[in-house]
Amino acid sequence: MATDIRTAQVRRGGENRVIGSSGKPLLVIVEGSNIDATVDAGIGAIGGLGRIIGDHKAVLLKPNTNQRDPFPSTTSAEHIRAVARHCGGAGATSIAVHEDHRPAGGQEDLKMYYEAGDLPGMDIRFSRAGASEDYVLVEHEPWSSEAKPSDVPQGDGASWASRMLDADYEQGATPGLRVAREVQEAPVVINLPVLKRHFAGQITSAIKNHVGSVYGMHRWIAHAMMQSERDYFDRKLVEFASAVRPELTITDIRSIQAVSGPMVGDDTTFVHGVNRLIVTGDTVAADVVAMDIMKRHDVTFTTHSEAIVNRQHAYAEELGLGMSDLSKFEVIELTV
Numbered sequence: 065m066a067t068d069i070r071t072a073q074v075r076r077g078g079e080n081r082v083i084g085s086s087g088k089p090l091l092v093i094v095e096g097s098n099i100d101a102t103v104d105a106g107i108g109a110i111g112g113l114g115r116i117i118g119d120h121k122a123v124l125l126k127p128n129t130n131q132r133d134p135f136p137s138t139t140s141a142e143h144i145r146a147v148a149r150h151c152g153g154a155g156a157t158s159i160a161v162h163e164d165h166r167p168a169g170g171q172e173d174l175k176m177y178y179e180a181g182d183l184p185g186m187d188i189r190f191s192r193a194g195a196s197e198d199y200v201l202v203e204h205e206p207w208s209s210e211a212k213p214s215d216v217p218q219g220d221g222a223s224w225a226s227r228m229l230d231a232d233y234e235q236g237a238t239p240g241l242r243v244a245r246e247v248q249e250a251p252v253v254i255n256l257p258v259l260k261r262h263f264a265g266q267i268t269s270a271i272k273n274h275v276g277s278v279y280g281m282h283r284w285i286a287h288a289m290m291q292s293e294r295d296y297f298d299r300k301l302v303e304f305a306s307a308v309r310p311e312l313t314i315t316d317i318r319s320i321q322a323v324s325g326p327m328v329g330d331d332t333t334f335v336h337g338v339n340r341l342i343v344t345g346d347t348v349a350a351d352v353v354a355m356d357i358m359k360r361h362d363v364t365f366t367t368h369s370e371a372i373v374n375r376q377h378a379y380a381e382e383l384g385l386g387m388s389d390l391s392k393f394e395v396i397e398l399t400v
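So the sequence shown is numbered by this note's numbering: it starts at 65 and just counts up by one.
And the structure:
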């Protein structure tokens, strides 16, 4: 049954269930260049996807897509296939891949991201970032109130996001977000990010991947407000991820997109041979590891960049999205 878009829902997801024998949450870091082998080892180290999927038969996979730019700008098809194989092995009979960039043209626009046949046996589901009917209202009191479109900087120098805002956009009195219906209704969400630089968020990885899970107006306001209120952007970035609370994150860092992003620019560089896969139920911990990798491979990732990301992590901890202190985890490191 479809969720009623007019009635506020509670957040999906819940507490981290990927716990080790020590009673601590698990954080698995696998070194290797073969994505099938690293996914097999990482999922095996957490005890398989059966503990995540349980009796559910449906799983939603959330990749990071970026037009036709290949991995590491976009989650690779082989990464999606490797995880989907484990979902099927754990009993899932419906495996959906959700993306939010669908223009009015419809499903044929999948060609913007993957070739035909790249994702066999998977149901491709799109939401349109600017179409409110594709999203459902979720309320959560700890979230901050949303800025009004009228508060966003306008005129000369206004950002691209400012130009996309609708002055008639209807906002609720209670802190809330419109979440993609496909995501909100999914009993299991597995986050499949990459690691790349971002002009605003500093990095795109586990947390920022869920900017693509909320209504376009929320993200456009956040980007536009960054000109006058940096803190607003960082808080909203985290709240978007807090609205999803994926059951598992599997970050593919065989290569990274460094220097600039999220789109590939003239100054973008790619660092290959990094060869890491992160598997954890803790979104914050996944990004702590990812940020450390970015620091070691991108000299343009400054202490200022790190301070911004650390502030995002602090907000995420306030919202119960995860923990940044890796000493509180049972860390498993493998090489395949």
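Glycine included, C-beta positions come from ideal geometry on N, C-alpha and C.
Asked, Found
"Between the CA atoms of residue 203 and residue 340 - distance to the nearest angstrom", "36 Å"
"For residue 255, the three-state DSSP class (helix, strand or coil)", "strand"
"Uninterrupted beta strand (DSSP E) stretches inside the segment 247-294 (no shorter than 3 residues)", "253-256, 260-262 and 266-268"
"Simplified DSSP state of residue 385, which is helix, strand or coil", "coil"
"Under the three-state DSSP convention, the category residue 114 falls into", "helix"
"Between the CA atoms of residue 113 and residue 123 - distance to the nearest angstrom", "11 Å"
"Span separating the alpha-carbon of residue 158 from that of residue 148", "10 Å"
"For residue 187, three-class secondary structure by DSSP", "strand"
"Which residues DSSP lists as bridging residue 132, in chain order", "130"
"Close beta carbons around residue 353, own chain, < 6 Å, minus the five adjacent residues each side", "342"
"For residue 245, three-class secondary structure by DSSP", "helix"
"Start and end residues, alpha helix (DSSP H) containing residue 360", "347-361"
"Segment contact, 8 Å Cβ cut-off, at least three pairs: the segment 295-313 with the segment 91-103", "no"
"Rounded C-alpha distance that separates residue 389 from residue 252", "26 Å"
"Residues of its chain near residue 171, where Cβ-Cβ distance is below 6 Å and the 5 sequence neighbours each way are ignored", "Residue placement at residue 171 cannot be trusted, given a pLDDT of 49 that sits under 50; what the coordinates show is reported in the next sentence. Once the five neighbours on either side are set aside, residue 171 has no close Cβ partner at all."
"Neighbour-count burial assignment, residue 403, 16 or more Cβ in a 10 Å radius", "Only positions 65 to 400 of the chain appear in this structure, which leaves residue 403 out of reach."
"Whole-angstrom distance between residue 327 and residue 378, CA atom to CA atom", "27 Å"
"8 Å Cβ cutoff met for residue 90 and residue 110", "yes"
"Beta carbon of residue 335 nearer than 8 Å to that of residue 319", "yes"
"Straight-line Cα distance separating residue 146 from residue 306", "26 Å"
"Chain-order list of residues whose beta-carbon lies under 8 Å from that of residue 65 (same chain, five-residue window excluded)", "Note that residue 65 has pLDDT 42, beneath the 50 cutoff, so the model's placement of it is unreliable and the number below is only indicative. Excluding residues within five positions, none has a Cβ falling inside 8 Å."
"Local conformation of residue 306 per DSSP, three classes", "helix"
"According to DSSP, residues forming a beta bridge with residue 340", "95 and 317"
"Beta carbon of residue 403 nearer than 8 Å to that of residue 312", "An answer regarding residue 403 cannot be provided, because it is not within the stretch 65 to 400 covered by the chain."
"For residue 399, the nearest candidate out of 355, 133 and 92 (CA to CA)", "92"
"Residues that residue 89 bridges to, as DSSP identifies them", "83"
"Residue 129 versus residue 274 - alpha carbon distance", "11 Å"
"At least 3 beta-carbon pairs within less than 8 Å: the segment 203-217 vs the segment 275-285", "yes"
"6 Å Cβ shell around residue 246 - same chain, five flanking residues per side excluded", "162 and 189"
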